[in-house]
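Letter by letter, the sequence shown follows residues 7 to 265 of the working numbering.
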Amino acid sequence: MTDQRSTRTLTAIVAIALTLTAGACFARHQDYHETFTAANQYYADKDYARAIEAYREVLAQGVESAELYYNLGNASFKHGDLGHAIANYLKARRLAPDNEDIRHNLEFARRFTPVQMQGVRLNPIETFFESIVGPYTLRQLAWLSSMFFVLLVLTLIVRWGLGTGGASVRAVAIALVVLTAATSTLTTFKYRHEYLRQRAVIIAEESPVFTGPSRKSEIELQGAPGLVVEILAEKDGFYNVQFENQRRGWIDKQLVAVV
């Protein structure tokens, strides 16, 4: 009798906890939706400052999506904040690399960068891999690589485990080895290129780049809003960054937005 009562009590507690959790999740979803809708209305009314504030409020609550970053990028661009616009377009592209609107707006915004990097040297091999993995997310490439690997294992089981060794089975096995290796290489490149390699966008109108991590150091060059840099190191409130033309220097962390 006591055990049954304890079981019923535990069941009731679990049910109440699940109900409260579901209610909280629903309330949060409603809150996100209302704030996002309000932000879109602010944008439609050309109140870009309030739209930016509302979009950032949604982000602060842990919501992340390509649409949210894209809309925030549009509002930032309309508000004249080129650096944050490009930073948000880059974040949106990472989540939805095949979205043509994001790609177009990013390319359009980058044309307004007041300083264009001269002497940019592109790595042809890296450019080739970028053109292949560009339209796909890391998850899609990882899934494709895993699928080919599983098919390869099944084919090898058929080949040696069951003793079926026809020419067609061998051909399929060889093809799957090549496909598994290729997709694994592309997945690794995508991860290293977009997740291990940290990037930032200059957001300040005045953004001096120094030879060392101090404002007392000599100025190496002047950055400009919208320029994308790779972060190499961090020290004393400065980032050691590399520009697209391979020039390096130290810039105040507050002058860039990390992508």
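By construction, the Cβ of each residue, glycine as well, lies at the ideal position given by its N, Cα and C atoms.
Distance between residue j and residue i (C-alpha atoms, nearest Å)
i    : j    : result
A206 : A187 : 31 Å
K196 : R254 : 24 Å
Y48  : I138 : 38 Å
Y142 : Q67  : 27 Å
G229 : L192 : 33 Å
L261 : T189 : 38 Å
E224 : I257 : 12 Å
R117 : G232 : 9 Å
A3   : E73  : Nothing can be reported for residue 3, as the shown portion of the chain is limited to 7 through 265.
H90  : F154 : 39 Å
L202 : G172 : 43 Å
L185 : F249 : 35 Å
A239 : Q252 : 15 Å
A179 : A148 : 20 Å
I131 : E200 : 16 Å
C-beta atoms of residue i and residue j nearer than 8 Å
i    : j    : result
A81  : Y61  : yes
V234 : E226 : no
A55  : N77  : no
V183 : L150 : no
G99  : L112 : Reading off the sequence, residue 99 comes out as Arg, not Gly. Cβ atoms of R99 and L112: closer than 8 Å.
P103 : G140 : yes
D242 : S220 : yes
V64  : T43  : no
H85  : I108 : no
L88  : T119 : yes
F83  : A50  : no
For residue i, three-class secondary structure by DSSP
i    : result
Y49  : helix
K259 : helix
E226 : strand
P214 : strand
Spatial neighbours of residue i in its chain, beta-carbon cut-off 7 Å, leaving aside the 5 residues before and after
i    : result
V175 : T161, V164, R165
V265 : A93, L96, K97, R205, A206, V207
Alpha helix (DSSP H) segment containing residue i, residue limits
i    : result
I58  : 54-66
Q146 : 144-162
V139 : 130-139
S220 : S220 -> no alpha helix (DSSP H), and no H or E assigned at all.
S82  : 72-84
A98  : 88-101
E113 : 106-116
N- and C-terminal bounds of the beta strand (DSSP E) containing residue i
i    : result
K196 : No beta strand (DSSP E) contains K196, which is instead part of the alpha helix (DSSP H) from 173-197.
A239 : 234-241
F249 : From DSSP, F249 is part of no beta strand (DSSP E); its letter is neither H nor E.
R165 : Run containing R165: none; DSSP gives neither H nor E here.
I209 : Per DSSP, I209 belongs to no beta strand (DSSP E) and is neither H nor E.
Beta carbon proximity, residue i to chain C, threshold 8 Å
i   : result
A98 : Included in the structure is just one protein chain, with no chain C present.
8 Å CB neighbourhood of residue i in its chain, flanking five on each side removed
i    : result
T217 : S223, E224, I225, E226, G255, W256
Y38  : V64, Q67, V69
V247 : A206, V215, V235, E236, I237, L238, R254, G255, W256, I257, V262
K52  : K84
Same chain, Cβ closer than 6 Å to residue i, five either side skipped, listed in chain order
i    : result
Y245 : I237, I257, K259
A210 : L261
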